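Scroll down for the structure; my scribbles are underneath it.
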Amino acid sequence: MTTCQDCSFYFAVPENAGDYEPGRGDCVTQKEDAKGKYWLSKPTVHATPSCPTFKKSK
Ligand code: SF4
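In my numbering, the protein residues as written are 13 to 70.
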């Protein structure tokens, strides 16, 4: 099963960050609307099953 950890949009919370917890990260994806492109960040954990937006990280 693929999980967020294998996704190129997954960014682990750095250990020196105030909200650090093992396995915790953010899903950061680029969106586009009428005003242009922007980044959307939402919290996730590395073991979360991948969603339809999943893109394998290299
Ligand atoms: S929620 Fe989807 S797009 Fe975001 S990191 Fe997980 S698999 Fe990737």
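Every residue gets a Cβ at the ideal spot worked out from N, C-alpha and C, and that includes glycine.
Values in this document were obtained by computation on a predicted structure and should not be read as measured data.
Spatial distance of residue i from residue j (CA atoms)
| i | j | result |
| --- | --- | --- |
| threonine 14 | threonine 60 | 9 Å |
| proline 26 | lysine 68 | 21 Å |
| aspartate 38 | proline 55 | 4 Å |
| histidine 58 | serine 20 | 12 Å |
| leucine 52 | valine 40 | 6 Å |
| phenylalanine 23 | threonine 65 | 15 Å |
Contacts around residue i, its chain only, beta-carbon distance under 8 Å, and the 5 residues preceding and following it disregarded
| i | result |
| --- | --- |
| aspartate 45 | none |
Opposing strand residues paired with residue i [DSSP bridges]
| i | result |
| --- | --- |
| valine 57 | Arg36 |
Contacting residues, own chain, Cβ-Cβ under 7 Å from residue i (five flanking each side not counted)
| i | result |
| --- | --- |
| aspartate 50 | A quick correction: the sequence has tyrosine, not aspartate, at residue 50. Contacts found: Lys43. |
| tyrosine 32 | Val25 and Pro26 |
Residue i CB to nearest heavy atom of the ligand SF4 below 7 Å
| i | result |
| --- | --- |
| serine 53 | no |
| tyrosine 22 | yes |
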